[in-house]
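The letter at position 117 of the sequence shown is residue 117 when you use full-length UniProt numbering, and the numbering goes up by one with no holes.
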Amino acid sequence: MKYIGIAEAAYLLGVCRQRVQQLLYAGRIKGAFKEGRYWRIPLFNGKMPQIIPGKRGPKGTWRKRPQQAKTYIHVNTKIIQANRKKVDKDPVICVRQGNRVKYCHKVDILGGLCRVVYDPYHPQSCGATVWVEVNPVVAELIGKSNPLITQSFATSFA
Numbered sequence: 001m002k003y004i005g006i007a008e009a010a011y012l013l014g015v016c017r018q019r020v021q022q023l024l025y026a027g028r029i030k031g032a033f034k035e036g037r038y039w040r041i042p043l044f045n046g047k048m049p050q051i052i053p054g055k056r057g058p059k060g061t062w063r064k065r066p067q068q069a070k071t072y073i074h075v076n077t078k079i080i081q082a083n084r085k086k087v088d089k090d091p092v093i094c095v096r097q098g099n100r101v102k103y104c105h106k107v108d109i110l111g112g113l114c115r116v117v118y119d120p121y122h123p124q125s126c127g128a129t130v131w132v133e134v135n136p137v138v139a140e141l142i143g144k145s146n147p148l149i150t151q152s153f154a155t156s157f158a
């Protein structure tokens, strides 16, 4: 079992250090103990500390708020150009959410209904190495919601 300190627990739970200390003194973090001057907080399933629910007041709201920062998906063309000369291809799709950045080869959107793919080993027939795959259900919903988009789909695939 992996143990962490107050600062790491606060970061994982999305609360301040003082709130974690309040939870520790109230005995509401499962398996936590004090070793000398420092608290040792166990991670359950290797991911998060486990909080015992309180008996009074409203339920805790940490990590239950809707996402505040927009998510942007960016395709880095400079990395695509550099990958042409490499055997091992670097990921070119950049997902930015607030101050977090993650590079990857594939991004699933809406639980797999849409997908942005980078596959230089198996390009499309037109030669594209980056493309967006859309489930037919989503394309049908787009067509029903906006007839102008349907016309553009019809003219672009005709």
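By construction, the Cβ of each residue, glycine as well, lies at the ideal position given by its N, Cα and C atoms. Quick caveat, the model's predicted, so the values are computed rather than measured.
Candidates the options: closest to residue i by CA position
{"i": "K78", "options": "K70, N45 and D90", "result": "D90"}
{"i": "C94", "options": "I51, T71, A82 and R84", "result": "T71"}
{"i": "P53", "options": "R40, I142, I29 and F33", "result": "I29"}
{"i": "W131", "options": "N45, I51, I73 and A10", "result": "I73"}
{"i": "G27", "options": "R37, G36 and I41", "result": "I41"}
{"i": "V15", "options": "P123, C126, Y121 and I51", "result": "I51"}
{"i": "G46", "options": "R19, Q124, H122 and I4", "result": "I4"}
CB contact flag (residue i, residue j, <8 Å)
{"i": "K106", "j": "R96", "result": "no"}
{"i": "I6", "j": "Q22", "result": "no"}
{"i": "V75", "j": "V92", "result": "yes"}
{"i": "A69", "j": "G31", "result": "no"}
{"i": "V117", "j": "E140", "result": "no"}
Nearest-angstrom beta carbon gap, residue j and residue i [assumed within contact, 8 Å]
{"i": "P49", "j": "A9", "result": "5 Å"}
{"i": "L110", "j": "V137", "result": "So it is not a contact: roughly 10 Å between Cβ atoms."}
Complete beta strand (DSSP E) runs within the UniProt domain "Helix-turn-helix" (5 to 42) (minimum length 3 residues, chain order): 33 to 35 and 38 to 42
4-residue-minimum alpha helix (DSSP H) runs that sit fully inside the region 101 to 145, ordered along the chain: 136 to 145
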